[in-house]
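Here the sequence shown stands for residues 20 to 570, numbered as in my numbering.
What follows is one structure encoded as structure tokens, with my remarks underneath.
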Amino acid sequence: MNKMFCFQCQESAKNIGCTIAGVCGKTPEVANLQDLLIYMCKGISHIAYRLNKMSVKTDLADKFVVDSLFMTITNANFDKDRFVKKIKDSYSLIDSLIKEYANNGGDVEQLSYESIHYRENDLEKMEEKSKEVGVLSTENEDIRSLRELTIYGLKGMAAYAEHAHNLGHHDNSIYEFMHRALVDTTDDSLDANYLTSLVLETGSNGVKVMALLDKANTSSYGNPEITKVNIGVKNNPAILISGHDLKDMEELLKQTEGTGVDVYTHSEMLPANYYPAFKKYKHFVGNYGSSWWRQNIEFETFNGPILFTTNCIVPPKSTSTYTDRVYTTGSSGYPGFIHIKEREDGKTKDFSQIIEHAKRCQPPTEIETGEIIGGFAHAQVFALADKIIDAVKSGAIKKFFVMAGCDGRMKGREYYTEFANALPKETVILTAGCAKYRYNKLPLGDIGGIPRVLDAGQCNDSYSLAVIALKLKEIFELNDINELPIAYNIAWYEQKAVIVLLALLSLGVKNIHLGPTLPAFLSPNVANVLVNNFGIAGIKSVKEDIEYFMA
Ligand code: FSO
Ligand code: SF4
């Protein structure tokens, strides 16, 4: 008997599913509570969807579902207590939604989805229930595959919607879609054809949410610009900030100014260095270390406190000495790490505890020196458009390789470093997400001043890469985005990469190669649909793939 079942990320055990404990470190208890929380969200969405159809706004339900989906993303939250609380909070939210539905003339008898009436507080019973309602409760493997593919896309959407929300940017149509899609995943009358179109619709809503977040980020902090980011250290105590939330970044920089405490980014927060609004802070030193999975090593030598604003958290080892220096905020959490509370209406988060902690710590130990270059989001690339177009026309650039997505600890990911190294000199890598750490420190040079690795930013900034592709299509007067000299060799890990992939598919991008392994949640039939209709493929050897792409 399985203790749990999860197959949402690229590390899922044997590429089938984690059944004893998560390869990520998630305990069966937490995995099961996550399943139960998703089940509660489906109930909430059943009511919110009906209210939305009556043109009634459902702000609390929207926020609840977005937070919950985000909390269940791989490596975001390992804290059992937070899930128990969230599940119990759903009961009162559902009660108020039922009331509102009745007040608007809705027929409460119609609210038959089971979780709407679930009110258990006993932990053991909650765990038992979770086993009935998890992923495997859908028996048909193709329907299960399409439902989960939709839900993982929604999880990615939720992450980006939450960051946009934190910056005051909303789009109700996105929340409405999320409610409807969750309801659709519970409807046994919907067949594989319908669910396939739902998957694509999830992709087009993914484009929408990434555009919203792009607007939120750039209107708040300016357009990312070409930046040389210091990877060495200074001699002051410091805070390391990781994850993706730029509002947290802003508030931390403001609160640390003038305190003698420096700030460094880790992993996916590196692109914060590219924003004009953050570059002005003298105590914002640069980036420390590399991608998320190296944190067990890099946090040791950082010496100061670390703030997680989102995933990816790696459980500390029993020998780790940094455990008491780690803080989480937002959707992230880990038992034993201190959690910084949410903003109260109109106020900022209070990071004073971390700042005081930093003052008691040694400055970071230097692990490398030098600079990395980034900041090639759409506005910056458009500013260089003439140069790039000339290089393409003269043959100096023969092909662009979109190598966005995620990094991970699997040995097979060395492929991406080898691939980048082996690419012909007339190629340029367009990257976003933590995947970049596999090649952003390689001496790959430039083509007439254009670096051979152009980093657009975080995984959500894959949107920038799509905008760039669409612009090139227009400039070269092509009918089809697939006629561009762009190849897609994408590394995936968790559910934000799923929404990025679905977004690209919805934009008509074909022949995306996905590695290091294809998702375990794709049933053979669903994988075939993706192969036949979109040319999705896995990766082979570096040599074979380069020959294929350059042919
Ligand atoms: Fe990476 Fe983790 Fe940004 Fe993900 S740090 S793996 S796709 O959370 O979100 O790229
Ligand atoms: Fe396994 Fe990934 Fe799920 Fe963790 S998130 S339990 S590694 S499939």
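All C-beta atoms, glycine included, are put in the ideal place defined by N, C-alpha and C.
These numbers come from a predicted model, not from an experiment.
Review point. Of the residues Thr347, Leu112 and Leu442, which one's Cα is nearest the Cα of Pro462?
Key: For the options Thr347, Leu112 and Leu442, the alpha carbon positioned closest to that of Pro462 is the one of Leu442.
**Study point:** Local conformation of Ala396 per DSSP, three classes
**Key:** Of the three classes helix, strand and coil, the one that applies to Ala396 here is coil, per DSSP.
Point to revise | Collapsed DSSP secondary structure at Leu520 in the structure displayed | key: Three-state result, Leu520: helix.
Check your understanding: Under the rule that 16 or more other beta-carbon atoms within 10 Å means buried, what is Val127, buried or exposed?
Key -> Residue burial is scored here from C-beta neighbours: Val127 has fewer than 16 other C-beta atoms within 10 angstroms and is therefore classed as exposed.
Review point. Between the segment 488-495 and the segment 71-79, do at least 3 Cβ pairs fall closer than 8 angstroms?
Key: No, because fewer than three Cβ pairs between the segment 488-495 and the segment 71-79 fall closer than 8 angstroms, the two stretches do not touch.
Check your understanding: Name the DSSP bridge partner or partners of Ile469?
Key -> Answer by DSSP bridge pairing, in chain order: Ile466.
Review point. Start and end of the beta strand (DSSP E) containing Asp281?
Key: Note, Asp281: beta strand (DSSP E), Asp281 to Thr284.
Check your understanding: If you check the beta carbons only, do Arg166 and Thr215 fall under 7 angstroms apart?
Key -> Not a contact, by the Cβ cut-off of 7 angstroms.
**Study point:** N- and C-terminal bounds of the alpha helix (DSSP H) containing Ile531
**Key:** In the DSSP assignment, Ile531 falls outside any alpha helix (DSSP H), carrying neither H nor E.
Review point. Hey, how far is the Cα of Glu563 from the Cα of Ser481?
Key: C-alpha separation (whole angstroms): 26 angstroms.
Point to revise | Backbone secondary structure at Val248 - three-state DSSP | key: Reduced to three states, the DSSP call for Val248 is strand.
Review point. Got a sec? Which residues, its chain only, sit under 6 angstroms from Phe438 by beta carbon, not counting five neighbours each side?
Key: In the same chain as Phe438, and ignoring 5 residues on each side of it, the C-beta atoms closer than 6 angstroms to its own belong to Val561, in chain order.
Check your understanding: What three-state label does DSSP hand Glu151 in the structure shown?
Key -> Note: Glu151 maps to helix in three-state DSSP.
Practice item. Can you grab the Cα-Cα spacing for the pair Asn242 / Asn71, in whole Å? Key: In this model, Asn242 and Asn71 are separated by some 34 angstroms (Cα to Cα).
Check your understanding: Leu130 lies in the alpha helix (DSSP H); which residues open and close that run?
Key -> Careful: Leu130 lies outside any alpha helix (DSSP H) and carries neither H nor E.
Check your understanding: Roughly how many angstroms lie between the CA atoms of Tyr353 and Tyr341, to the nearest whole one?
Key -> Looking at the two C-alpha atoms, the distance is approximately 13 angstroms.
Review point. Taking 6 angstroms as the cut-off, is the CB of Tyr482 close to at least one heavy atom of the ligand FSO?
Key: Set against 6 angstroms, the gap from the CB of Tyr482 to the closest heavy atom of the ligand FSO is not smaller.
Exercise for review: Pick out whichever of Asp281, Leu403 and Phe327 has its Cα sitting closest to the Cα of Ala377.
Suggested key: Comparing Cα-Cα distances from Ala377 to each of Asp281, Leu403 and Phe327, the minimum goes to Asp281.
Check your understanding: Since Thr446 contacts Lys490 with CB under 8 angstroms, what's their CB separation in whole angstroms?
Key -> Wrong, their Cβ atoms sit about 19 angstroms apart, outside the cutoff.
Exercise for review: Verify whether the separation of the beta carbon atoms of Asp426 and Ala454 is less than 7 angstroms.
Suggested key: Yes. Within cutoff.
Review point. Just to confirm, does Cys453 get its C-beta within under 6 angstroms of one of the non-hydrogen atoms of the ligand FSO?
Key: The answer is yes for Cys453.
Practice item. Determine, using beta-carbon pairs with one atom in the segment 397-415 and one in the segment 271-281, whether at least three such pairs fall under 8 angstroms. Key: Contact fails: fewer than three Cβ-Cβ distances are below 8 angstroms.
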